[in-house]
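In my numbering, the protein residues as written are 24 to 174. Working notes, structure below.
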């Protein structure tokens, strides 16, 4: 059975609901490196799935390891354009603990991408997406934050 996720396209805009894993160990964030920048692990929430379940599923699908969801750190309303397509995402960013050692490769379908640990203090030096994490994560005070992004 094909799972339906919370993404839909209307004209030139994709609307979606995403769950993201903020995997932080020893003041370093685990990110995936792609040709156009660095990303956290995560993806679209499936219909009928809780956001916490989506994070665990995404970590398992992309890294192949088990995870435990921690605190919800950020709820983000993210509007941006990429490759001529407009996006409007509602994103849930959770702190996540890995229950197994993280690989240094992310697998998504047939695509493999390298993973890197980047010190929180060095996030400003890389093209991290979403960019708000460069400052918000190192300064995070433990309280849930609601962020509006528009570009």
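For each residue, glycine too, the CB sits at the ideal point set by N, CA and C.
Taking only runs of the beta strand (DSSP E) that begin and end inside the region 34–73, which ones reach a length of at least 3 residues, in chain order? Runs of the beta strand (DSSP E) inside the region 34–73: 36–48, 51–57, 60–62, 64–67.
Around the Cβ of residue 48, are there at least 16 other Cβ atoms within 10 angstroms (buried) or fewer (exposed)? A residue is called buried when at least 16 other Cβ atoms come within 10 angstroms of its Cβ; residue 48 does not meet this threshold and is exposed.
Residue 153 lies in the alpha helix (DSSP H); which residues open and close that run? Run containing residue 153: none; DSSP gives neither H nor E here.
Cβ of residue 113 within 9 Å of Cβ of residue 40? Taking 9 Å as the cut-off, the beta carbon of residue 113 is found closer than this to the beta carbon of residue 40.
Quick check on the DSSP output: the beta strand (DSSP E) that includes residue 105 runs from which residue to which? Under the DSSP assignment, residue 105 falls in the beta strand (DSSP E) whose first and last residues are 90–105.
In the DSSP assignment, find the beta strand (DSSP E) that holds residue 130 and state where it starts and stops. 128–131 is the extent of the beta strand (DSSP E) around residue 130.
Select from 62, 109, 133 the residue whose C-alpha is nearest the C-alpha of residue 140. Comparing Cα positions, the closest option is 62.
Would you report the Cα separation of residue 169 and residue 146, rounded to the nearest angstrom? About 20 Å.
Mind checking who residue 158 pairs with in its DSSP beta bridge? According to DSSP, residue 158 bridges with nothing at all.
Enumerate in chain order the residues of its own chain whose CB-to-CB distance from residue 151 is below 6 Å, with the five nearest sequence positions on each side excluded. Close CB contacts of residue 151 within its chain, under the 6 Å cut and outside five residues either way in sequence, are with 61, 157 (chain order).
Who are residue 79's beta bridge partners in DSSP? According to the DSSP secondary-structure assignment, residue 79 is paired through a beta bridge with no residue.
Name the two residues that bound the continuous beta strand (DSSP E) containing residue 118. Boundaries of the beta strand (DSSP E) around residue 118: 108–121.
Can you give the beta carbon distance from residue 90 to residue 28, rounded, assuming they're within the 8 Å contact cut? Between residue 28 and residue 90 the Cβ distance is about 19 Å, and since that is not below 8 Å, they are no contact.
By a C-beta neighbour count over all protein chains shown, 10 Å radius and 16 as the cutoff for buried, is residue 74 buried or exposed? So residue 74 counts as buried.
Do you know offhand how far residue 83's Cα is from residue 136's? Residue 83 and residue 136 have their alpha carbons spaced roughly 15 Å apart.
Taking the C-alpha atoms as reference points, what is the distance between residue 44 and residue 107? Spanning the two alpha carbons is a distance of roughly 27 Å.
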